[in-house]
Amino acid sequence: MASVPSKLYADDVSLLMVLLDTNPFFWSSSSLPFSKYLSHVLTFLNSILLLNQLNQVVVIATGYSSCSYIYDSASAPGQGSDQGRMPALCSHLLKKLEEFVAKDEQLLKEGSAEGIPSSLLSGSLSMALCYIQKVFRSGPQHPHPRILCLQGSSDGPEQYVAIMNAIFSAQRSMVPIDSCYMGSNNSAFLQQASYITGGVYLKPQQPDGLLQYLTTVFATDLHSRAFLQLPKSAGVDFRASCFCHKKTIDTGYICSVCLSIFCKHHKKCSTCGSVFGQAQSEVPSTTNKKRKSSEPLLVS
Amino acid sequence: MSRAGQVIKRAKYKTSIKDPGTPGLLTMLEHRFVFRPSDPTSPAKLDVPFQLLKGQKNTREGSNKPPWLNITNNKDGSYIFEFESYPDLHACREIIANALEAAKGSSAPTITSAANASSSANEQFSTAELELRMKLMQEDSELQKLHKQFVGSGVLTESEFWATRKRLLDGDSRRKSKQRVGFKSSMILDIKPMTDGRMNKVTFNLTDEIKYQIFALKPAVHQAFINLVPSKMTEKDFWNKYFRAEYLHSTKNAVAAAAEAAEDEELAIFLKEDEILAREARQKIQRVDPTLDMEADQGDDYTHIPDHGIFRDGNKDMTEQQNEQYRRTLSQDLNRQGAVVLQGRNLDADPEDPRSIAEALMLSREDPSDSAAQKRLDRITRMTEIDDLRESHDHPVAPLCIKDPRDYFDTQQANALRTLDESRTGTEQTKRKLTTEEAYGSLKESISKIKSFGLSNSTVKPEVALMVITLVRKELSCGLTQNISSTKYQLGKNPRESILDGLPNRTKEELLHHWTSIQELLRHFWSSYPITTSSLYVKIGRLKDAMSQIYRQLEEIKEAVQSDFRHQVSLLVRPMHQALDAAFQHYEADLQKRAAKSGELPNGNG
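Protein sequence lines, in the order shown, are assigned to chains A and B.
Under this note's numbering, the very last position in the first sequence is 310; numbers go up by exactly one each time.
Under this note's numbering, the very last position in the second sequence is 640; numbers go up by exactly one each time.
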């Protein structure tokens, strides 16, 4: 990107990272068809780019077995499609999306088809954060980044640790994570993400009007959010999942050294290897054995 | 402290402060005090009932005044008694203080009755504390209401009530500590003489304070004073010599000073450098970091050499060595005065007697000890250690090692199948039977569909859009009123405040008062668990009754309030009810546990 004169950079320039859920298992059973969903999202992306000349949009597809960058407004060529029916954004995006879906199917065929039909949210979050870090280091002036998760599939508790790490890193870089959840029940991970990073969590009651939701709630840049009242969730589901079985628990055991969560009492912590419940030995030993406590704690 | 019976003390009765006082016996009876002089013929007999008394004052124990008690009566007359010792004074003072309180108001009887009750339980508190408590209650009406409500009705005892408010009582007593006055900063200037222009006479004014300051400033003078007065010369002579020396200094005539010093030995002491100070300064220098070299070279001192050491003639002129010691510089004086002012003064000595002051000052100077040299050597060795050459410290910690991340990042597929979330209902299970090809196929179809058709004109129908907007707006406004009790989601202004302000005043005050009383009761309730003694058990019973009473009162308030405020009031009352409910639950559970335990042990150990 060429150097931009400083007076063009206002406070409301935003970089929007959209994490698009393309889990086929979810979309095949959703009330809103994927094509309609795509049309809402594409219109929304266009409007974002219209808000400010310097706005930037990056789309990452969250597939079942892989994630990939689908579209980057900063580097896409400006040509429209041949028929001229769609703007350049849509044609490029859709082309890339097709390729991605094909590749995802390939990967799935190679691997096993077992497992819970959840998409790789942790992967796409990490990719978004990496891109944002690159933008941070690009120079003194850069747009304000934020992440928008358009998720439909339910949470995979096996991704708990990775998602929490991504959330904390987003919190540290002060990148808010907004989420628009299209699934049936509420997603605990996305609620926590929006709560911790200061974003907005929304579960639209009218999926038909998704575009209206997107433009009303998620289109505003970070600077203007200070003056607006955006919907806040009534409560956040803070349940964690245990490290051993990856199931969601309310009460569990926590290692006092590395704070890993377990649902059952263990002799040894699997993360850091510390031994629980051992008294301090009088004989000085080379490996320092320390007394670790593993007590039941309310995890919430 | 004896309350029953009479208190008889020897005292002198004075009509005024200057009066030497008639010795006699002061007897404190239940409702009056009686003074009988030792001399039967003296007319100073007193028999004063306590009702006629208004107040009392006494000299402080810390000051050096004799123990006097000044009792004022209603007609603005006063009786001054001088006691033999301060404990005597305190004993009589307490009796009169009690009597004065008894005469005061309605709040006093509850305190004294409660005080009597608690004194029978072996508690001791002085009247000073009683006065403090009453003062606190007078200042804070809320505290007084709480006190009346709980201690008056017997729910809490006096001691329990004040046990939680120790910091209020302590804070007050700290305020009363007296401030110690230090030295004035203008010590040197106080000793300026007044010259009579016509005659060759110079007059110095000397007060005790100035004497004390001179001793503090100049330890050599101090030493001389102790040695010479009164054995070798009178005080007046001593001070005459001293001021002669001062005068000579002020003329800055070192030669004359040397001449006079040679004649008069004692004068020489005042004119010379202060040896004691020099010794102390040397000791202080030794305490400095030994790696820092503080000794100034003689070549560094150029201000005292004529021409600042610049030799114009080419010869080194080192004259006036013998008169050096009779010079005194202003910087030395100022430094010394600064040091003394910062040190402050000690009040143990009687300022009227210069000898005792002198001795006190001598005692306060520290003697050098042998261990100082050893300490100095230790410090030298510590300072000269070089960090890099030392061996590394072995910290007694266990190194953190994190195992292979794949172990806990990846799924355990077999287990994961068993542990599905509750959100995964049966419908999703059936849908999963859809093969992957079909799923992916439908996805690709959607994408190609939109590719071929493009984006439609109206992605969202207008009615749908309108509905969405109203939904979002409603959610926002609901969020404001729903989240009153949760402080996490405050949107701009604080909704709770506006609710309280909107209520009528009486309801608001009632609710606030109930809230503070609930807090007080709950504090005592929860601190009494676990129940170990029977007194705690009784206390818990009392507290529970009071709490249930407040519970009922809150419900009545909820019903009695007007319909427009009912919702807000119920929202405010809810957390109070919840707190009380939690306490009741705990009480019931504990009761059941006790009953079960006592049921288990039929031999009555429960």
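Backbone N, C-alpha and C define an ideal beta-carbon position, used for all residues, glycine too.
In the DSSP assignment, B:ALA580 falls outside any beta strand (DSSP E) and lies within the alpha helix (DSSP H) extending over 568-594. A:LEU131 has its alpha-carbon roughly 30 Å from the corresponding atom of A:GLN63. In the structure shown, the three-state DSSP call for B:LEU240 is coil. By the CB criterion at 7 Å, A:GLN66 and A:LEU99 fall outside the cutoff. Leaving aside the five residues that flank A:SER163 on each side, the residues in its chain whose CB is nearer than 7 Å to its CB run, in chain order, ASP31, ASN33, PHE36, PRO127, SER128, SER129 and GLY193. Non-local C-beta neighbours of B:ALA302 in its own chain, meaning closer than 6 Å and more than five positions away in sequence, comprise ALA295, ordered along the chain.
No Cβ of chain A is located within less than 7 Å of the beta carbon of B:ALA616. Relative to A:TYR170, the option among A:PHE237, A:CYS254 and A:PHE228 whose CA is nearest is A:CYS254. Nearest in C-alpha terms to A:HIS50, of all of A:LEU160, A:TYR141, A:PHE110 and A:LEU61, is A:LEU160.
The criterion of a C-beta distance shorter than 7 Å is not satisfied by A:CYS279 and A:SER266. Taking CB atoms only, A:GLU115 has a neighbour in chain B less than 7 Å away.
In the three-state scheme derived from DSSP, where H, G and I count as helix and E and B as strand, A:VAL23 is classed as coil. Under the Cβ criterion of 7 Å, A:SER78 is not counted among the residues facing chain B. Assigned with DSSP and collapsed to three states, B:LYS631 falls in helix. Using a CB distance below 8 Å, the part of the segment 218-233 of chain A facing chain B consists of ASP218, GLY219, LEU220, LEU221, GLN222, TYR223, THR226 and VAL227, ordered along the chain. When secondary structure is reduced to three states using DSSP, B:GLY475 falls in the helix class. By the beta-carbon neighbour count (other beta carbons within 10 angstroms, threshold 16), A:ASP114 is buried. Judged by DSSP secondary structure, B:LEU556 falls within the alpha helix (DSSP H) whose first and last residues are 539-561.
For A:VAL145, no CB of chain B lies under 7 Å from its own CB, so it is not counted at the interface with that chain.
B:VAL255 has its alpha-carbon roughly 19 Å from the corresponding atom of B:SER365.
In the three-state reduction of the DSSP assignment, B:GLU294 falls in the helix class.
Residue contact check for A:THR72 against chain B: no CB pair falls below 7 Å.
Here the C-alpha atom of B:SER561 lies approximately 12 Å from the C-alpha atom of B:ALA617.
Look at B:MET62 here: in three-state DSSP terms it is strand. Taking one beta carbon from each stretch, the segment 504-513 of chain B and the segment 540-549 of chain B have fewer than 3 pairs nearer than 8 Å; the two do not touch. Interface criterion met: the Cβ of B:LEU489 is under 7 Å from a Cβ in chain A. In summary, no residue of the segment 554-571 of chain B has a CB separated from any CB of chain A by less than 9 Å. B:GLY89 has B:THR106 as its beta-bridge partners, per DSSP.
Beta-bridge pairing by DSSP links A:SER179 to no other residue. Assigned with DSSP and collapsed to three states, B:VAL498 falls in helix. For A:SER39, the closest of B:GLU472, B:TYR563 and B:THR493 by C-alpha to C-alpha distance is B:GLU472. Looking from the CA of A:PRO167, the closest CA among A:TYR211, A:THR207, A:LYS256 and A:VAL68 belongs to A:LYS256. For B:PHE117, the enclosing beta strand (DSSP E) begins and ends at 112-117.
For B:PRO83, the enclosing beta strand (DSSP E) covers residues 80-83. The Cβ-Cβ distance between A:ILE206 and A:MET27 does not fall below 7 Å. Remark: C-beta atoms of B:LYS478 and A:LEU104 do not approach each other more closely than 7 Å.
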